[in-house]
Every structure is written in C-alpha cells, then in structure tokens.
Amino acid sequence: MSQLNSVWVFSDNPERYAELFGGAQQWGQQVYAIVQNTDQAQAVMPYGPKCLYVLAQNDALQRTENYAESIAALLKDKHPAMLLLAATKRGKALAARLSVQLNAALVNDATAVDIVDGHICAEHRMYGGLAFAQEKINRPLAIITLAPGVQEPCTSDTSHQCPTETVPYVAPRHEILCRERRAKAASSVDLSKAKRVVGVGRGLAAQDDLKMVHELAAVLNAEVGCSRPIAEGENWMERERYIGVSGVLLKSDLYLTLGISGQIQHMVGGNGAKVIVAINKDKNAPIFNYADYGLVGDIYKVVPALISQFEPLIPLSTTSPAVNAAGREHNACRMTNLMPLWSVRALLVALPHWSWHEPGWMSW
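Count along the sequence shown from 1, add 114, and you get the number used in the working numbering.
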C-alpha cells in the first residue's frame, strides 16, 4: 500500500487521537495534528506528530463547529491530502463545513481506508448497515471521519518532541456560542477496546435480571453491552454500552450474545468480533446466521448454569480484588491467565447437558 505525503488529524474528543494517529501513520508519510488547547497538545505529542497546531480562542464554551473557518484557513496553505476526524456528532458537523469551504470530498463513519495507486479509497456503511459502499476519492483533499474501533491505537513515545504553532481564530459568519455545559453521567466503559463482551437483548425480561448477566461477565472477565432497545427503549443500560449501527463497533476476541435476535442494525456493530457465540431460545433467530457457535436455549437456564460451571474453575486471588454485582471477589487477571483469548471450547464443554444440534450448533 502506498502512502500519502501528509495526513492531518483533529478530534473534538481527545480520547480518539490515539486511534486517529494509528490510521494516519499507516496512510501518510508525515502526520500533523490540530488540537484545541495546550493541555491536549502535551497529551497528543507522544503520538509522534511532525508539528502540532493549537487553535486560538479555545474558550470552554466554544462550539467545535466554530473552528471550521480557522482550520480551513490553515489547511489552504498546507495542501494536505487527507484530514482525519473522529466520527462524533460534532466531528461530522465540522467535517461538513470544512468540506464546503475547502471543496473537499467527505466520507463519514468510514470503516476502512486504503491507498491504492495514490488514490484514497474509503469504505462506509449505508442503508442503516444493510450494505457497505466503497468510495474512490477524486478530489485533492479527502476529509474522512473515522468510526470508533476501526483502527488500532498507535503507541506513544514520551520522548518525542515537535514544534507547536498557534492557529489564529477566524470567526464564522454566524457564530453560535454555548452558554452552559452540564456534566453528563457516563459509563467509563469503552466496548470498542474490550477483548470479551457479553451482549444482552430483548430476551431479558426485567432490569433486575441484568444482575446475572453482570455476574457471568465478571466470571469471564468481560464487559457488558446491549442492543438498542435495552439502552434507548428500556433505558436499562448506559448509551455507551449500545452495540450497533449508530453505537459501538466491536473488535473483541469474543462476543457472547444473550437473547439478541441479530437484526442487521445490531450486527453491524457486533460482526467485527473474532468469535460470536449466540444463545437464543428461538432457533430461527437471525443471530444464528452470524454466529460461529449457536445454542438454542433459555438464557434463564443457560446463564446460571454457565456461572455455576465456570466459577469453581477460577481460584480467587487476594491481589487487586474487585467486587462484582453478587458481592464475590474476582481478580481481573485470573480468567486471562486461565484461558488466553477465552477458549470457546471451554464454554462448549462446560455443561454436560448440552448436545450438538448441527455442526457448530447446540440445543438445550
């Protein structure tokens, strides 16, 4: 794969810079970064940019979209081949403005980027995740918003140093300022980085039943995710745990689904897992078309049985304990030490009552 001369990155969410740099270093010979303040500049410098550009007028109440004119003025003089942004709501709004001002091609929510014979090719979802489109950019500048979980984060080098320049603020024609910000209660989980995920769907009858799901996840050293109805319909779980076309894209080693039907909008987010194990009492559920292993069974019988089978296999540790929902101590490393990459075979043979239904399938 050939490389572009220069790739620029910007994110309104500082946590996405590592991932953006992972892609930028792969696709460009030189990487430049635009940040909103000096604190971000110090945090981003270890990722290895050739130069850092700090936006002026970085008031805490400033809206990200208001920087469009400032960034456009900067890039007009630099002539980059690609600008990478995080595919957040603000990031996509900024990208749209920049696309108009710079007469650039724009691809939102890119799931893959490649450089073929000097041309930028980007893949993105369409029709609500029913299909993927591949775009070949024919403009001098491509603006791409990268979907979360697409690119591996780059490594950091704290010894790296680079020049830092200030970007003058160019006020937009119609400046909209934020008058107040209120902290949003958010989960600290980042499912796009999780190695193992247990996902739950409408097969769960009550919110209190999440207790057994969290207990199973603790035994497996996994994070808990959900389908859209659980997060946005029932409000049983945080929005950050929603897996799907407008939610998180998984890159996990394992995705264990409990009572999830497997609609395409959900599987766009879950299909990136290396191994998918589905448990659903409906043998005709679409999830079984995606699953590497499927079990036709009632999650209210299967989940407690899995917990009872796995817990005795994992000795408790007195170091760095964490208390799970059931109040028992679990060491975060014990499952990893016992079964690297989480052996699916161990899951399949854990319950003697399971029987093979078809190759790769079982029934209770």
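For each residue, glycine too, the CB sits at the ideal point set by N, CA and C.
Assignment of Asn403 by DSSP, reduced to helix, strand and coil, places it in the helix class.
Within 10 angstroms of the beta-carbon of Gln377 lie 16 or more other beta-carbons, which makes it buried. DSSP places Gly205 within a helical segment (H, G or I) once states are collapsed to three. Per DSSP, His274 lies in no beta strand (DSSP E) segment and is marked neither H nor E. In the DSSP assignment, His233 falls outside any alpha helix (DSSP H) and lies within the beta strand (DSSP E) extending over His233 to Met240. By the Cβ-count criterion, Ala201 is buried, with 16 or more other Cβ atoms from all chains shown falling within 10 Å of its own Cβ. Assigned with DSSP and collapsed to three states, Gly384 falls in helix. Straight across, the Cα-Cα distance linking Asn217 with Ala419 is about 59 Å. Annotation for Ala331: Val312, Glu337 and Val338 place their beta carbon closer than 7 Å to its own, counting only its chain and skipping 5 residues before and after.
Looking at the DSSP output, Gln171 sits in no beta bridge, so it has no partner there. With respect to the 8 Å criterion, His274 and Pro128 are not classified as neighbours on the basis of their beta carbons.
Nearest to Asn398 by C-alpha distance, out of Val382, Val389 and Ile374, is Ile374.
Comparing C-alpha distances from Trp141 to each of Gln117, Met351 and Leu220 shows the shortest one belongs to Gln117. Residue pairing from DSSP places Asn394 in a beta bridge opposite Val410. Secondary structure at Ile290: coil, using DSSP grouped into helix, strand and coil. Secondary structure note for Asp228: its beta strand (DSSP E) is the uninterrupted segment Ala219 to Val230. In this structure, Tyr407 lies away from Val382, with their beta-carbon atoms at least 8 Å apart. Cα atoms of Leu363 and Ala387: separation of roughly 9 Å, rounded to the nearest angstrom. Sorting Asp191, Lys192 and Lys206 by C-alpha distance to the C-alpha of Leu198 places Lys206 at the top. Going by DSSP, Lys250 is part of the beta strand (DSSP E) stretching over Ala245 to Lys250. In this structure, DSSP gives Met351 a state outside helix and strand, which the three-state scheme calls coil. Across the structure, Gly162 and Leu134 are spaced so that their CA atoms are roughly 12 Å apart.
For the 8 Å CB-CB criterion, Ser184 and Val284 form a contact. Following the DSSP letters along the chain, one finds Gln154 inside the alpha helix (DSSP H) bounded by residues Thr152 to Val158. Here Ala157 is not near Met196, since their CB atoms are 8 Å or more apart. In the displayed model, Ala336 falls within coil according to three-state DSSP, outside both helix and strand.
Approximately 18 Å separates the beta-carbon atoms of Val417 and Arg355; this is outside 8 Å, ruling out the contact. Counted as a single uninterrupted DSSP element, the beta strand (DSSP E) harbouring Tyr146 occupies residues Gly142 to Val149. The segment 244-255 and the segment 287-294 do not touch, with fewer than three beta-carbon pairs separated by less than 8 Å.
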